[in-house]
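Chemist: For the sequence shown, this note's numbering begins at 978 and goes up steadily by one. Using N, Cα and C, we set each Cβ at its ideal position, and we do this for glycine too. Structure provided below as structure tokens; questions to follow.
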Amino acid sequence: MNLRRLLTRKAHNFVTQRHTPWVSSSTEKTNLNTVLGTLWRFLESGHQIRQFQPPIPTRAKGKQIQTNSSSTISAHDMGISEEEWERLQKALDWPGPDQEITQLDQSTSPVHSTFSIVGLKESYKVGEKISVTITARDHNKNLKRYGGDFFKAKPFNSKLCASVYGEVVDHCNGTYSVALLLPWEGQAQVYVRLEHSSELVQILKKYRESSFPRSHYNGYFEGPGPNKTRIIEVVQCNLKWGAYGSWSKGDCCCEYKDIKTGTVWQCERPKKLSCDKLVHHSYGGLENPLNPFEKQIFTKKLTNVAITGDTQIINVLPNTTGIGTMERCRSGMTTPVPAGFYLKNVWNSFVCNTQKFSSSQMGNCLKNKIVYLMGDSTIRQWFEYLERKVPGKLFIHNRMDLHTPRTGGPLMAVELKNNIIVHWRPHGVPLRFTKMLITDLHYISNDIDEIAGGPHAVVVFTIFAHFVFHPITFYVHEVAKIRQSVVALLSCAPETTVIIKSGNTAGLKDIFQSDWYAMQLNTVMQEMFRDIDGVIYFDVWQMTSCHYLREDIHPGPVIIANEVDVLLSYICPA
């Protein structure tokens, strides 16, 4: 163990001592805040601490990815081997039209597409499956002769608040099949919707790999002006990926390269201030690249629309043979389809034996733990839920005042009775957040490099919502860097709990925030961590896709409560 790691662990041990006697007066609370604030700054200081690094792949001599810019991206640029990139491409492969579609009436119609239940019986038993066939037709009622449509399907019971995810199988000939599990006693109906036509998915693929900047960001430069005034300049910023990134203007920009990850952020050069005066970051505007025909494909009446089909009530009888699992939650578990189901608003997992945690049980589970939550606002929802629930009001009263935006972070909370510390920090750029300090935006891999780890440490991260605007090759690059840091952490501190939260479904189904984009990112994350021992992959996609609440990038409270119960079941398995 090197000196930096030893000092960090000593600091962690110091802060997790019982501090209850310190809080008898406001002055003592202030002292605690000061100590923890100092520790926070200590922990976030940027020094490389690890000697171990997974081998860097040699520069690939094979395929390169050509974008709409003049740049090419190789597997070496992404930080992976040529073999792994080929494997990822196979996993990401999505069928589609064999020729360019130029007429709207040739695209898939949600009005004329239908579904049917194959061999519907009078009754079924809990645990049996029904087979559903989906038939896609165009606007002229013609059967589609190719696949690639993005359908979602589920059985549900509104009165029981019950639902389960179904995986759609594409037969690449205009027909699709779904095997739907019937996991609860009572009644069920089938619901199928066309989220995107195959023609729309091809447009999504086209612009994902394009250098066209669908998302813009703002950089705020601040510095001294004449007569003791302050100069503030706001310019456009974006990712640089490839030779030029989003701009092809030659020497247009200030570039900011992270030494460890190699990620380059660029901002248009301010007119008065120098490049080192970048202080704040925020989201900027969105730019729609669609041409008139493509906009017709994306119209709301053709996107995320329920299709007609068999609406008969399915009767499900009890079964003496139980379903589910009593296996302890741990790393290395595969995610089946379905991964679980909702009944009376409670998620019942098929992955492992998940539990429902009361407020006091949450406190006992997290006792003497330091929890690092890293990523976007969907994991901030977990921080806020724990803040409300662990245990009662004591936790809320000990949120550290880090003088940061409440929704932008970073945030930190402490529960003294059980020696619990919970951090949340957003990931680095690209990030569509409100105005915040650029120094508060850290790349996840760099933050993991600064964690000592150990049996008391829980590292949870998610990274998806803000990457749907950028090429998937860049996402692979970021995941590769995170993987490198996770492997290094677990090699030094194998008792550390490391959990990946997948991306969830979102409310918008457009060129900017499509679920198809997020699903593809989930595939990359899952594939790239498949063979990494000691890592838990927590699939929340199915939990958000099948729930009765309207899909939202920020899932509703009942979903968050179930997600946190699963999270705690991994931290404190039974």
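Determine contact between the segment 1126-1145 and the segment 1155-1170, defined as no fewer than three beta-carbon pairs at a distance below 8 Å.
Modeler: yes
Chemist: So is His1380 buried or exposed if we call it buried at 16+ other beta carbons inside 10 Å?
Modeler: By one-based count along the sequence shown, residue 1380 stands at place 403. It counts as exposed.
Chemist: Comparing alpha-carbon positions, which option in Glu1105, Ser1335, Val1367 lies nearest Asn1292?
Modeler: Indexing the sequence shown from 1 puts residue 1292 at position 315. Measuring from the Cα of Asn1292, the nearest candidate turns out to be Glu1105.
Chemist: How many angstroms separate the CA atom of His1454 from the CA atom of Asn1423?
Modeler: Residue numbering aside, residue 1454 sits at position 477 when the sequence shown is read from its first letter. Residue numbering aside, residue 1423 sits at position 446 when the sequence shown is read from its first letter. Their Cα atoms are separated by approximately 14 Å.
Chemist: Which of helix, strand or coil does DSSP assign to Lys1131?
Modeler: Along the sequence shown, read from residue 1 onward, the residue named residue 1131 stands at position 154. In this structure, DSSP gives Lys1131 an extended state, which the three-state scheme calls strand.
Chemist: If you measure between the beta carbons of Leu1255 and Phe1198, is that distance less than 9 Å?
Modeler: As a first step, residue 1255 must be located in the sequence shown, where it is residue number 278. As a first step, residue 1198 must be located in the sequence shown, where it is residue number 221. Yes, the pair counts as a contact, with Cβ atoms nearer than the cut-off.
Chemist: For Gly1484 versus Glu1427, is the C-beta distance shorter than 9 Å?
Modeler: Translated into positions along the sequence shown, residue 1484 becomes position 507. Translated into positions along the sequence shown, residue 1427 becomes position 450. Not closer than 9 Å, so no.
Chemist: Can you tell me whether DSSP reads Cys1252 as helix, strand or coil?
Modeler: Within the sequence shown, numbered from 1, the residue matching residue 1252 stands at position 275. In this structure, Cys1252 counts as helix in the three-state DSSP scheme.
Chemist: List, from N- to C-terminal side, the beta strand (DSSP E) runs of 3 residues or more that fit wholly inside the segment 1375-1402.
Modeler: 1388-1392
Chemist: Taking DSSP as the reference, what is the three-state secondary structure of Thr1500?
Modeler: Indexing the sequence shown from 1 puts residue 1500 at position 523. Here Thr1500 sits in helix by DSSP.
Chemist: What's the gap between the Cα of Phe1451 and the Cα of Thr1500?
Modeler: Here the question's residue 1451 lines up with position 474 in the sequence shown. Here the question's residue 1500 lines up with position 523 in the sequence shown. C-alpha separation (whole angstroms): 14 Å.
Chemist: Might you give, ordered along the chain, the residues of its own chain that have their beta carbon closer than 7 Å to the beta carbon of Cys1229, omitting 5 neighbours on each side?
Modeler: Within the sequence shown, the letter at position 252 stands for residue 1229. Only Glu1245, Arg1246 meet the Cβ criterion.
Chemist: For Met1520, name the three-state secondary structure that DSSP assigns.
Modeler: On the sequence shown, position 543 is the one that residue 1520 refers to. It is helical.
Chemist: What does the Cβ neighbour count give for Gln1176, buried or exposed, with the cut at 16 atoms within 10 Å?
Modeler: For this step, residue 1176 is matched to residue 199 along the sequence shown. Looking at the sequence provided, one finds Glu at residue 1176 rather than Gln. Its Cβ being crowded by 16 or more others within 10 Å, Glu1176 is buried.
Chemist: So, under 8 Å CB-CB, Asp1075 and Tyr1123 are touching, yes? Tell me the CB distance rounded to an integer number of Å.
Modeler: Here residue 1075 refers to the residue found at position 98 of the sequence shown. Here residue 1123 refers to the residue found at position 146 of the sequence shown. The Cβ separation is near 6 Å, so the contact holds.
Chemist: Among residues of its own chain, excluding the 5 on either side of Gln1028, which ones have a beta-carbon nearer than 6 Å to its beta-carbon?
Modeler: As a first step, residue 1028 is located in the sequence shown; it is residue number 51 there, counting from the start. At Gln1028 the pLDDT is 31, less than 50, meaning the model places this residue with poor confidence; the figure from the coordinates comes in the next sentence. Cβ within range, chain order: n/a, list empty.
Chemist: State the Cα-Cα distance for the pair Asp1516 and Thr1206, rounded to the nearest angstrom.
Modeler: Here residue 1516 corresponds to residue number 539 of the sequence shown, with the count starting at 1. Here residue 1206 corresponds to residue number 229 of the sequence shown, with the count starting at 1. Approximately 52 Å, taken between the alpha carbons.
Chemist: For His1148, which of helix, strand or coil comes out of DSSP?
Modeler: Along the sequence shown, read from residue 1 onward, the residue named residue 1148 stands at position 171. Residue state, collapsed to three classes: coil.
Chemist: Which ranges does the beta strand (DSSP E) cover as unbroken runs of at least 3 residues, wholly within the segment 1169-1216, from first to last along the chain?
Modeler: Counting whole runs of 3 or more residues, the segment 1169-1216 contains the beta strand (DSSP E) stretches 1192-1201.
Chemist: Short check: CB of Asp1353 to CB of Leu1263, under 9 Å?
Modeler: Within the sequence shown, the letter at position 376 stands for residue 1353. Within the sequence shown, the letter at position 286 stands for residue 1263. No.
Chemist: Grab me the residues of Asn1539's own chain with a C-beta within less than 6 Å of its C-beta, minus the 5 sequence neighbours each way, in chain order.
Modeler: As a working mapping, residue 1539 is identified with position 562 in the sequence shown. The answer, listed in chain order, is Trp1324.
Chemist: Let me know the beta strand (DSSP E) ranges lying completely inside the segment 1467-1516, each 3 residues or longer, listed in chain order.
Modeler: Those beta strand (DSSP E) runs which fall completely within the segment 1467-1516 and span 3+ residues are 1474-1478, 1512-1515.
Chemist: Counting pairs of beta carbons, one from the segment 1057-1074 and one from the segment 1264-1277, are three or more of them closer than 8 Å?
Modeler: The segment 1057-1074, when compared against the segment 1264-1277, does not touch it at the 8 Å Cβ threshold.
Chemist: Reducing DSSP to helix, strand and coil, say where Gln1273 ends up.
Modeler: To locate residue 1273, count along the sequence shown from 1; it is residue 296. Looking at Gln1273 - three-state DSSP - the assignment turns out to be helix.
Chemist: Mapping DSSP to helix, strand and coil, what is His1419?
Modeler: Here the question's residue 1419 lines up with position 442 in the sequence shown. In this structure, His1419 counts as strand in the three-state DSSP scheme.
Chemist: Helix, strand or coil for Val1535? Go by DSSP, reduced to three states.
Modeler: Locating residue 1535 in the sequence shown gives position 558, counting from the first residue. In the structure shown, Val1535 adopts helical secondary structure according to DSSP, grouped into three states.
Chemist: For the beta strand (DSSP E) holding Met1351, just list the boundary residues, first then last.
Modeler: Here residue 1351 refers to the residue found at position 374 when the sequence shown is read from its first residue. For Met1351, the uninterrupted beta strand (DSSP E) run begins and ends at 1347-1352, by DSSP.
Chemist: Is Asp1054 close to chain C? Criterion is C-beta to C-beta, closer than 9 Å.
Modeler: Absent from the structure: chain C. Only one protein chain is present.
Chemist: Going by CA-CA distance only, name the one from Asp1508, Ile1078, Gly1202, Thr1091 that's closest to Met1310.
Modeler: Mapped onto the sequence shown, residue 1310 falls at position 333. With distances taken between Cα atoms, Met1310 lies closest to Asp1508.
Chemist: Give me the residue from Gln1503, Asp1235, Pro1087, Ile1530 with the minimum Cα distance to Leu1279.
Modeler: Numbered from its first residue, the sequence shown carries residue 1279 at position 302. Checked all of Gln1503, Asp1235, Pro1087, Ile1530; the closest Cα to Leu1279 is Pro1087.
Chemist: What number of angstroms, rounded off, separates the C-alpha of Ile1459 from the C-alpha of Ile1425?
Modeler: The sequence position of residue 1459 within the sequence shown is 482, counting from 1. The sequence position of residue 1425 within the sequence shown is 448, counting from 1. When rounded, the distance between both Cα atoms is 8 Å.
Chemist: Rank Val1512, Ala1283, Leu1393, Leu1294 by C-alpha distance to the C-alpha of Lys1131 and give the top, closest one.
Modeler: Taking the first residue of the sequence shown as 1, we reach residue 1131 at position 154. Answer by Cα proximity: Ala1283.
Chemist: Using CA coordinates, which residue listed in Ile1107, Ser1100, Arg1064, Val1541 is at the minimum distance from Gln1332?
Modeler: Here the question's residue 1332 lines up with position 355 in the sequence shown. The candidate whose alpha carbon is nearest that of Gln1332 is Val1541.
Chemist: Taking the alpha helix (DSSP H) that Glu1060 falls in, what are its first and last residues?
Modeler: Looking up residue 1060 in the sequence shown gives position 83. Unbroken alpha helix (DSSP H) run through Glu1060: 1059-1069.
Chemist: Near Tyr1420, what residues of its chain come up, given a Cβ to Cβ distance below 8 Å and the 5 sequence neighbours on each side ignored?
Modeler: The residue you call residue 1420 lines up with position 443 of the sequence shown. Short of 8 Å from the beta carbon of Tyr1420, and not among the five residues preceding or following it, lie these beta carbons of its own chain, in chain order: Asp1235, Lys1237, Thr1238, Thr1240, His1404, Gly1405, Glu1455, Lys1458.
Chemist: Shortest alpha-carbon distance to Lys1098 belongs to which of Pro1471, Ile1107, Thr1091?
Modeler: On the sequence shown, position 121 is the one that residue 1098 refers to. Closest option to Lys1098, Cα to Cα, is Ile1107.
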